[in-house]
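Numbering (full-length UniProt numbering), first residue to last: 1 to 720.
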């Protein structure tokens, strides 16, 4: 469902950017009694130590101690040395503000839900975003329950998304202005924690103070990928996975300190000025190359997926004229993020994966993500129906009806239209693209904006998920290929021998049968072959072999899934080469090159002899070969194939028999002699000639010739 919210004004005093966390604990479920009073039997009141709430006392004392510590720090801060003062501001300030926020925030959210007890970060996120939208947390719960589908009404994670996305949908800028406020950055971090763990382990509403600090908490990849792209300028949906890995590094997640440093550097970035790269640093060179590639890919994307500037249909779609600016702003944010990672020393090995256009250009299924981006940039509500030249009025229909026909426009989840006329890229007609856009209009959640969908994915996230799954398969395949790449000629020869070992064993078995080393097996094999030949079963032999092969593969697959073949089954094992020095390696390389050269020479000589026979370079040999080919053709025409096949099999299996062995040797020697008597076609090697130098020499020869001719003419004319 598509929701439109009027601009709301907060009911509490706020700063120009963001209301501070300065509320008091007054809600019913968070109200804490310091002492409980009880009436005596005669109606009087008196205190009983058994009725004192120890948890409330501990929390109140901790609050007092924290306030006293904060006061002492404020008093002692001017007396600290400058270096220590800077360290105190970096290390101590976030934790103090975190604790102050947890102690002084008013919570009106009903934390008891049918699915469990809301975690404290979830309650803080819901309450704060509700206040920023002009409502309370409890009212946000009621509105969400009234608007949400039946399946997600009691889902705390969807409630957190709704409160966050509802506030973010009020701003349509390319970079969210509230990111300049440190409180808003912490709120986004808390929201990611809430999304990752929306429910608490127990139903106790009193949390120990040490668990409330955000310094020990980290955000996982799933929460970062879900929340960070929703905040304009923080991350792109197509590259947020790589951004998380770059930020987290070897750690298990992103901490508050790292998150604050990243956003702090991000808002400091100014307009990027193109300058010559410093080739002294590899990382700087990679960043420079990634930025240049991203700019080039941006204009390729605009030219391929965007409408032309002079296209009149841009005026028929609201906001389409700003699509080019949105794409450029997206690239500017990508470059700023890349520079921020460089400044905080979190740059990955391949920076090109953090800039979406250059990455998607070569990524598997990346064209689908580019299509979704084009719909997001240039798509918008239709202003009025228009008539195409010679086509009449356009009839609008959903792409899920018949997108493959090639005559439909593309619709976003919020109803935005991307015109068919703008689909200039050939990728729109691919099978994967057609399959994606056929199901693109299916909705399951609450649509707050084009790219903000509660409890569901928007088009860019769906396309990015498809690209990610395909990329994971490609990376897994590439990892196996990289692992199979072995250096060294001897090692590769050993690997090749190991791979063709089954074929080698089969050839050895057939050779044993041909030599009659095991007469019983040879006779059995010949009986089977002749039955297949004379019963006309040869057409069925190849299909039967295919069936046996497929059955064998399926059997091995089943045994492997059951674990009966062992973990090492299927692995190729070879021996490593003995250690050798540089001279031995050079000698081995020289021998290998010489062997390759000899084999190439033999192959070339054979080809030259065939050329002589075909082109009648030796007429008597050509006549003999032509007569042999003619005789073979006559035999194939008049004699049935089964008799020819039977004769060939009989010849192969009787060559090594004693009564034919001498005859076979004489015949093979005769063939070798005749082949050795064939001439090789002559080869002419021309001297090397450079084209430029050759043209210069020809010009010089021509000029010399003309001069000599002119001189001869002058001499003739001078004669009496």
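Just so it is clear, CB atoms sit at the ideal spot from N, CA and C, and this is done for glycine as well. Computed from a prediction, not measured in an experiment: that's the story for all the values here.
Spell out the partners DSSP gives residue i in its beta bridges.
| i | result |
| --- | --- |
| residue 116 | 113 |
| residue 380 | 417 |
| residue 411 | 417 |
| residue 199 | 118 |
| residue 255 | 218 |
| residue 317 | 382 |
Use the C-beta contact count for residue i: other C-beta atoms within 10 angstroms, 16 or more gives buried, fewer gives exposed.
| i | result |
| --- | --- |
| residue 253 | buried |
| residue 603 | exposed |
| residue 141 | buried |
| residue 126 | buried |
| residue 422 | buried |
| residue 368 | buried |
| residue 641 | exposed |
| residue 485 | exposed |
| residue 356 | buried |
| residue 191 | buried |
| residue 743 | One cannot answer for residue 743 here, as it falls past the ends of the chain, which runs 1 to 720. |
| residue 605 | exposed |
| residue 259 | buried |
| residue 413 | buried |
| residue 350 | exposed |
| residue 521 | exposed |
| residue 667 | exposed |
| residue 336 | buried |
| residue 323 | buried |
Could you check the C-alpha separation between residue i and residue j for me, to the nearest Å?
| i | j | result |
| --- | --- | --- |
| residue 469 | residue 463 | 10 Å |
| residue 644 | residue 477 | 47 Å |
| residue 187 | residue 164 | 10 Å |
| residue 215 | residue 138 | 28 Å |
| residue 189 | residue 227 | 9 Å |
| residue 249 | residue 263 | 17 Å |
| residue 721 | residue 625 | Look at the range of the chain in this structure, 1 to 720, and you will see that residue 721 is not part of it. |
| residue 120 | residue 158 | 16 Å |
| residue 352 | residue 680 | 56 Å |
| residue 383 | residue 299 | 27 Å |
| residue 551 | residue 365 | 33 Å |
| residue 546 | residue 540 | 10 Å |
| residue 665 | residue 480 | 49 Å |
| residue 544 | residue 531 | 15 Å |
| residue 292 | residue 302 | 16 Å |
| residue 674 | residue 617 | 15 Å |
| residue 170 | residue 487 | 58 Å |
| residue 493 | residue 593 | 14 Å |
| residue 206 | residue 220 | Confidence is the limiting factor: at residue 206 the pLDDT is only 48, short of 50, which leaves the residue's position unreliable, though a coordinate-based value still follows. If I take the Cα positions, the gap works out to 25 Å. |
Excluding the 5 residues flanking residue i on each side, which residues of the same chain have their C-beta closer than 8 Å to its C-beta?
| i | result |
| --- | --- |
| residue 26 | Residue placement at residue 26 is flagged as unreliable, the pLDDT there being 34, under the threshold of 50; the coordinate-derived value follows with that caveat. Closer than 8 Å at the Cβ level, and outside the excluded window around residue 26, lie 106. |
| residue 661 | 655 |
| residue 331 | 294, 295, 298, 355, 357 |
Report all residues from its chain with a CB closer than 6 Å to the CB of residue i; omit the five preceding and five following residues, and keep chain order.
| i | result |
| --- | --- |
| residue 713 | The predicted model places residue 713 with a pLDDT of 40, which falls under 50 and marks its position as unreliable, so this point remains unresolved. |
| residue 222 | none |
| residue 144 | 159, 162 |
| residue 572 | 498 |
On the DSSP letters alone, give me the boundaries of the beta strand (DSSP E) that residue i sits inside.
| i | result |
| --- | --- |
| residue 449 | 446-449 |
| residue 453 | 452-454 |
If I follow the unbroken alpha helix (DSSP H) through residue i, where does it start and stop?
| i | result |
| --- | --- |
| residue 243 | 240-248 |
| residue 595 | 582-614 |
| residue 457 | Here residue 457 belongs to no alpha helix (DSSP H), and DSSP marks it neither H nor E. |
| residue 306 | First-last for residue 306: undefined, no H or E at that position. |
| residue 647 | 641-652 |
| residue 673 | 658-676 |
| residue 538 | 538-561 |
| residue 509 | 501-514 |
| residue 167 | 156-168 |
| residue 573 | Counting along the chain, residue 573 falls outside any alpha helix (DSSP H), and DSSP gives it neither H nor E. |
| residue 231 | Note, residue 231: premise wrong, no alpha helix (DSSP H); not H, not E. |
Which same chain residues, not among the five before or five after residue i, have their C-beta less than 7 Å away from its C-beta?
| i | result |
| --- | --- |
| residue 167 | 129, 132, 133 |
| residue 428 | 371 |
| residue 451 | 376, 458, 460 |
| residue 310 | none |
| residue 410 | 375, 399, 418, 437 |
| residue 173 | 232 |
Verify the contact flag: residue i, CB atom, against every heavy atom of the ligand ZN, threshold strictly below 7 Å.
| i | result |
| --- | --- |
| residue 249 | With respect to small molecules bound, the structure shown includes none, and the ligand ZN cannot be examined in it. |
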